[in-house]
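Read the structure below first, then the notes.
Numbering (the working numbering), first residue to last: 47 to 528.
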C-alpha cells in the first residue's frame, strides 16, 4: 500500500475478514445462543480484526500506526454513544423503580378490549419501547404478559407475537433511548435528533400499515375476554403507587426533546427527574432496593444510586411482574458497550487498511442512482444480519461500508442511517439464528418461523424504505466536490 492510500487491497482479500467474522459468529451463536453478546461476539470481532491486521501488514505493508490511528478514531467517534448508553441504563432503572413505566403500562392496559387486543398490544408495546428504548426489555416483560393474555383469549400465537414484536421494534426505532438508534446515527455521523426525525418518513407509514392489519385481524379473529389484563394491571398497582403525576417525567422529557436539547443533557435530566419522583412516590420501594427497613436520607441516597447503576429486583409475588420490574441499570449496558468497542476496532482496521473502501468500490461501479444505492444498503443490512447473526454488528458494518458511497453520490448521511435502521435493525428479529430472533423466540415461546409472517411492521419497513427512495420523497442531493 503506497502512502496508505494509493493502492487498495484486492476485493477478495478485503472479503476474508468478513468471512472469518461471519464464520466465528455462526459458531458463537451455536454455542452460546442468546448469550452471544456476553463475550463470544466480542472475541469473534477481535479475532476477525487480527486477521485483517495480518493481511494488511503482511500482504500490503500497511503500517501498524495507521491501523491504530483508525481504531482510535473509530472509538473516539463512539464515545458520546457509549455515554448515552450508560445514561439509558440509568433511566431504565429509575423510570421503573419510580413507577413511571408501570404507570404507563397500567393506563395502556386499561384500553385493551378483546376485539382490539392485537392493535392495542402493538400500541402498548410501542409506547413502552418508546419510553424505555429497548425492544428486548419490552418483549421480555410486557410482551410475555400480553402473550399469555392473547393465548387465554384464543388468538393464534403467531398473531400475538407479531403484534408484540411490531410494536416493540417501532418504539425502539424512534426512541431517543434506543441503543440501536444511537448506534446507527453515531456510526454514520448524524445527530440523533436529525436521524429520528428523518426516519419518521418511513417508520410512521410502516407502523400505520401494521396497525391497520392488526385492527382488521382483531375484529375478524375469534377471541375471549380481557380479565387477565385487568389482573395484570391490578398486580402492578399493588406493587407500585400508580398516579398520573408520574407522567410528568416523560412529559418533561418529551418537551426537552422537542426543544432539541442535546441528547446527553436530556437523558441526564430525565434520570434526575425520575430519581426525585422515585423518592417522592415510591419511598418503600426505594428502601427495599437499598436493603433498608425504612427510608431515610442515607437509604434514599443508596437506593437511588443502586437503581441507576445496578440491577434491581423487587419481589411482587407474581413471576411476570417480577420480570417486568427487574432492571439492570448502567451495568446492564456494559456488554453492549464492550461489543461496540470491539466492533469499532474491527471497523477501524477495515477502514485504515482500505479494505472497506475496496469493498465499497464494487458498489461504486454499478450503483449510480438513488434507488439502487438505498436498495443496496437495505440488502446489505439484511445480508449482514444473515451472515453475522447480530444486529449491532450489522448496523456498524452497513454504516461503515456505505458511508463513502453516499458521500460520493452526493446523498445525505441521514438517508444512510435511515436505510440501515430500516433493514439491519428491524429485520434482525426475523432471522432464526440471529441473536434477536433466537432471543425473542425463546422469550415468547414462539418459533421465529411462526411469528415471522405476522411481524407486519418489520416486514413492511424495508419495503417502505425502498418505496420512499423510488419516489424521492424528502431525499435531497448535495453537490459533490470534484
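Yeah, the Cβ is synthetic: ideal placement off N, Cα and C, and Gly gets one too.
Under 7 Å between C-beta atoms of residue i and residue j
i           : j           : result
residue 177 : residue 268 : no
residue 501 : residue 212 : yes
residue 289 : residue 316 : no
residue 429 : residue 443 : no
residue 83  : residue 385 : yes
residue 282 : residue 168 : no
residue 380 : residue 133 : no
residue 309 : residue 238 : yes
residue 324 : residue 332 : yes
residue 617 : residue 373 : Because the chain in this structure spans residues 47 to 528, residue 617 falls outside the shown range and cannot be described.
residue 125 : residue 398 : no
residue 247 : residue 445 : no
residue 382 : residue 131 : yes
residue 136 : residue 395 : no
residue 192 : residue 263 : no
residue 417 : residue 95  : no
residue 330 : residue 348 : no
residue 467 : residue 245 : yes
residue 292 : residue 488 : no
residue 522 : residue 54  : no
residue 278 : residue 504 : no
residue 91  : residue 59  : no
Local conformation of residue i per DSSP, three classes
i           : result
residue 373 : strand
residue 509 : helix
residue 289 : coil
residue 341 : coil
residue 223 : coil
residue 457 : strand
residue 358 : strand
residue 125 : helix
residue 492 : coil
residue 353 : helix
residue 310 : helix
residue 281 : helix
residue 48  : For residue 48, the predicted structure reports a pLDDT of 44, less than 50, and the residue's modelled location is therefore unreliable. A value from the coordinates is still provided. If DSSP states are grouped into helix, strand and coil, residue 48 belongs with the helices.
residue 499 : helix
residue 203 : helix
residue 300 : helix
residue 135 : helix
residue 141 : helix
residue 528 : Because residue 528 sits at a pLDDT of 43, beneath the cut-off of 50, its placement in the model cannot be relied upon, and the point is left open.
residue 478 : coil
residue 180 : coil
residue 156 : coil
Unbroken alpha helix (DSSP H) run spanning residue i, endpoints
i           : result
residue 468 : It is not in any alpha helix (DSSP H) - residue 468 carries neither H nor E in the DSSP assignment.
residue 545 : A query on residue 545 cannot be resolved here, the shown segment of the chain reaching from 47 to 528 and no further.
residue 241 : 238-266
residue 62  : 57-78
residue 334 : 329-336
residue 106 : 86-106
residue 389 : 380-398
Buried or exposed (CB count within 10 angstroms, at least 16 for buried), residue i
i           : result
residue 241 : buried
residue 390 : buried
residue 182 : buried
residue 518 : exposed
residue 455 : buried
residue 65  : exposed
residue 510 : buried
residue 77  : exposed
residue 514 : buried
residue 57  : exposed
residue 491 : exposed
residue 243 : exposed
residue 111 : exposed
residue 147 : buried
residue 89  : exposed
residue 218 : buried
For residue j and residue i, believed in contact at Cβ under 8 Å, the rounded distance
i           : j           : result
residue 463 : residue 231 : 5 Å
residue 387 : residue 185 : With 8 Å as the limit, residue 387 and residue 185 do not qualify as a contact, their Cβ atoms being about 26 Å apart.
residue 494 : residue 508 : That belief does not hold up - the Cβ atoms of residue 494 and residue 508 are roughly 17 Å apart, past 8 Å.
residue 334 : residue 145 : No, residue 334 and residue 145 are not in contact; Cβ-Cβ is about 13 Å, not under 8 Å.
residue 423 : residue 448 : 5 Å
residue 221 : residue 175 : 6 Å
residue 465 : residue 420 : 5 Å
residue 127 : residue 255 : With a Cβ gap of about 30 Å, residue 127 and residue 255 do not count as contacting.
residue 68  : residue 405 : About 14 Å separates the two Cβ atoms, so there is no contact after all.
The ligand NAP heavy atom lying under 6 Å from the CB of residue i
i           : result
residue 234 : Ligands are entirely absent from the displayed structure, and the ligand NAP is therefore not among its contents.
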